[in-house]
Amino acid sequence: MAQITPDQVQHVARLARLALPPQRLEKLAGQLESILQYVDKIQSVDVTGIEPMAHALPIKNIFRDDTIGPSLSVEQVLSNAPDAESPFFKVPKVIGGDEDSAG
Amino acid sequence: MLAYDTLLTARDAIRAKKISSVELTRQALDRIEKLDKSIHAFNSTYADLALAQAKAVDEGKVTGPLAGVPIALKDNLCTSFGTTTCSSKMLENFHAPYDATVVKKLAAAGAVFVGKTNLDEFAMGSSTENSAFGATRNPWDTTRIPGGSSGGSAAALASGMCAASIGSDTGGSIRQPASLCGLVGLKPTYGRVSRYGLVAFASSLDQIGPFGWTVSDAALLMNVLAGRDPMDSTSVEIPVPDYLADINKPLAGLRIGIVKEYQLGSGIDPQVKAAVEAAIKTYQSMGATVVEVSCPHTEYGIAAYYVIAPCEASSNLARYDGVHFGHRTAEPVKDIIELFSKSRAEGFGEEVQRRIMIGTYALSSGYYDAYYVRAQKIRALIKRDFDQAFEKCDVILCPTSPTPAFKAGEKTGDPLQMYLCDVFTVTCNIAGIAGLSMPCGFTTSDKPLPIGMQLLGPTFGEEKLLRIARMYEAATDWHKRRPKMD
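For the protein sequence lines, the chains are A and B, in the order given. This note's numbering numbers the first residue of the first sequence as 1 and each following residue consecutively. This note's numbering numbers the first residue of the second sequence as 1 and each following residue consecutively.
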């Protein structure tokens, strides 16, 4: 495990939605490889019969009454948007790009 | 330093009218003005707000357990005033529309907010060098790093720019800078403090906690911070004790646990080792017994952490898309995918990108079971190790950091070396238990550097943990030292 090829880094960067230049991807390939080689320690542990633990608390679903509380106004929600035309966020053309949006 | 430089002395002096909150706040703001050019603890300061809050306390309009005391907030806590940047270009101009629950609680308790402190971008790092706005320096020696990721909060307090500060801890980000800056820092049990309004890094590991010069200051802050919050479903409905009430009551029959496996790792600085061993002797002289305990999965802690944390980060940071808030590329784009990808490549720094990449890889098809699921199983084993250890001891004692503060730039070229700084701190987050760092010595170098020890306690054991820490503090003078600053 943990042989990271430039193609793999390119693939992961695409999944992560990071448009990185080739030199950066090359550097990342080496760094990811050494980090993942270290992380591969976990492959040697015997985990037979152990349930994965998602977090430390023994809590289950927390329910509350379905009542209406205060929420942010449209102006507040849009106030940090790079581009907006109330009540919408503005983005470039979504449909018809080269890449399948399902990634 | 401030005329009253600890939280409790400042609070009591203001109550007794020995000093006004406005005067103390002005002192803090003056120190920021004078010293922060060389320390860079703050991303933003709020003199007008702070002086207005201070005035309200002086006029008797605001009262509370923290009334009038200048406090600094880590810049990953949402505030309805100013910016919340996470030290990232991505959020450089982000104005949060609401206050984090802890910010609301602190304000209601009368705290005065002098500013928001620098951090490793999105709290990812151990030196506060990964900031888009420049590195923070250690007040004890400005050629060195203050630790991280809450290095700004630690450096602000250590240089007397506030009387207490707030940080967040995902793998050691409060305890390690506390250790490197000679402070007390507490990572509460997962679920003890609401995370609502804390910008998420790794949601199953993140906790907010206090920095103070003393154990009592940390205890007082915990009185304000802790408790169930309907806005955070992982905050737990367990009554919050008065952490200060019995703080000076020593624990009879105290059993100190020493983890067998912690001795094995090389790379512990000899002066750190000696200081921690001396601290154990101090406890023994107070009647404590030392028991050896075993945490056999210790050596997998960092590895499991650097799967779990990046996986959660890659998922949490997916929200930064250049659409709803945050940085958007100014370059022409042909479609929305390119808009996302260019905005994210420009907005995130190298370390954040690295962790997003590790997480994305580990969660991707074909690797999910081998990395993420397996790391979650190791997490269960690490938790079990601690549960078994705490049957035999009240607290585990070990170094917080294997070394004192290192030189700026020393580890920036090698991410893995930086990750290994967290060797003693990450398992606490993985298991969700409570951990505290406090000063236990200084190096003998020209500019003495603080050495910190870590006390780990069982879940929701903060009250006992603080009392045990206070026993040591009462027997020593390390917490009275201050850096010499011009």
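Yeah, the Cβ is synthetic: ideal placement off N, Cα and C, and Gly gets one too.
Distance cutoff 8 Å, beta carbons only. Does residue i sit that close to anything in chain B?
i       : result
K93(A)  : yes
P22(A)  : no
I68(A)  : no
S86(A)  : no
M82(A)  : Reading off the sequence, residue 82(A) comes out as Pro, not Met. Yes, P82(A) counts as interfacial toward chain B.
P52(A)  : yes
Q76(A)  : yes
S71(A)  : no
A102(A) : The pLDDT assigned to A102(A) is 42, lower than 50, so where the model puts this residue is not dependable; a value taken from the coordinates is nonetheless given after this. No, because no Cβ of chain B sits closer than 8 Å to the Cβ of A102(A).
With a threshold of 8 Å on Cβ separation, who are the neighbours of residue i within its own chain once the five nearest residues in sequence on each side are excluded?
i       : result
Y98(B)  : C78, S80 and G197
K334(B) : none
D422(B) : S126, G171, G172, Q176, I302 and Y305
Please work out which residues of its chain come closer than 6 Å, Cβ to Cβ, to residue i, disregarding the five sequence neighbours upstream and downstream, and give them in chain order.
i       : result
G212(B) : L7, A164, V184 and A218
G267(B) : P402
D269(B) : T403
V9(A)   : L25, L28 and A29
R482(B) : M1
S127(B) : I145 and G148
S437(B) : R175, A178, S179, G185, T400, G452 and Q454
P70(B)  : T25, A28, V112, V114, C162 and A163
K383(B) : A431
G103(A) : At G103(A) the pLDDT is 38, less than 50, meaning the model places this residue with poor confidence; the figure from the coordinates comes in the next sentence. None.
Among the options, which has the Cα closest to the Cα of residue i?
i       : options                               : result
S113(A) : I358(B), L363(B) and I382(B)          : As shown, chain A starts at 1 and ends at 103. That puts residue 113(A) outside it, with no answer to give.
R11(B)  : S38(B), R26(B), G64(B) and L35(B)     : G64(B)
A81(A)  : H324(B), Y320(B) and Y361(B)          : H324(B)
K60(A)  : V103(B), A158(B), E237(B) and H95(B)  : E237(B)
E279(B) : A370(B), A47(B), P139(B) and A475(B)  : The identity of residue 279(B) in the sequence shown is Ala, whereas the question assumes Glu. Of the listed residues, the one whose Cα sits closest to A279(B) is A475(B).
I468(B) : Q176(B), H297(B), E346(B) and N248(B) : N248(B)
D244(B) : Q388(B), G227(B) and S216(B)          : Here residue 244(B) turns out to be Leu, not Asp, going by the sequence shown. Per the Cα distances, S216(B).
Y283(B) : D242(B), I382(B), A72(B) and R470(B)  : R470(B)
F94(B)  : R328(B), K484(B) and A111(B)          : R328(B)
L180(B) : L205(B), N138(B) and I208(B)          : N138(B)
T189(B) : S21(B), E473(B), D477(B) and E463(B)  : E463(B)
E277(B) : S294(B), G409(B), G257(B) and G227(B) : G257(B)
A54(A)  : I378(B), L251(B), D414(B) and A154(B) : I378(B)
D40(A)  : L51(B), D141(B), A155(B) and A370(B)  : A370(B)
A72(B)  : E129(B), S150(B), P250(B) and E121(B) : S150(B)
A156(B) : E391(B), P448(B), D5(B) and C428(B)   : D5(B)
K281(B) : G227(B), Q417(B), Y472(B) and T9(B)   : Y472(B)
E292(B) : R355(B), V333(B), I396(B) and E23(B)  : I396(B)
N75(B)  : D446(B), M124(B) and L420(B)          : The question names Asn, yet the displayed sequence has Asp at residue 75(B). Nearest option by C-alpha distance: M124(B).
V426(B) : G227(B), T298(B) and R228(B)          : T298(B)
R228(B) : A54(B), P210(B) and F460(B)           : F460(B)
L35(B)  : I19(B), K447(B), T142(B) and P250(B)  : T142(B)
A54(B)  : F42(B), T83(B), K37(B) and E23(B)     : E23(B)
P250(B) : D477(B), I32(B), L466(B) and G110(B)  : L466(B)
D246(B) : L220(B), R255(B) and S131(B)          : L220(B)
F201(B) : V103(B), G253(B), Y368(B) and D169(B) : D169(B)
Residue i CB to nearest chain A CB: under 8 Å?
i       : result
I280(B) : no
L416(B) : yes
H40(B)  : no
E391(B) : no
A309(B) : no
S88(B)  : no
G191(B) : yes
P230(B) : yes
Y300(B) : yes
I356(B) : yes
L339(B) : yes
L465(B) : no
S364(B) : yes
F94(B)  : yes
V426(B) : no
Give every residue of the same chain whose Cβ lies closer than 7 Å to the Cβ of residue i, excluding the five residues on either side of it in the sequence, and list them in chain order.
i       : result
S101(A) : At S101(A), the pLDDT of 43 sits below 50, so the modelled position is not reliable; the number obtained from the coordinates is stated separately. The answer is none, since no qualifying residue turns up.
L363(B) : C311, S314 and Y372
G191(B) : T234, S235 and V236
M231(B) : T101, S194 and Y196
K342(B) : T329, E331 and V333
I19(B)  : A3, Y4 and A13
| query | With a cut-off of 8 Å, do at least 3 Cβ pairs link the region 150-167 of chain B to the region 109-117 of chain B? | reply | Three or more pairs of CB atoms, one per stretch, sit closer than 8 Å, so the region 150-167 of chain B contacts the region 109-117 of chain B.
Short of 8 Å Cβ to Cβ, which residues in the region 27-43 of chain A face chain C? No chain C appears in this structure, whose protein chains are A and B.
TODO: Assess, as a yes-or-no matter, whether the region 295-312 of chain B is touched by the region 60-75 of chain A under the definition of 3 or more beta carbon pairs within less than 8 Å.
DONE: no
Beta carbons nearer than 7 Å to chain A: which residues of the region 96-126 of chain B have them?
P97
**Report entry** Members of the region 373-384 of chain B that neighbour chain A once the beta carbon cut-off is set at 8 Å
**Finding:** The region 373-384 of chain B vs chain A, Cβ under 8 Å: V373, R374, A375, Q376, K377, I378, R379, A380, L381 and K383.
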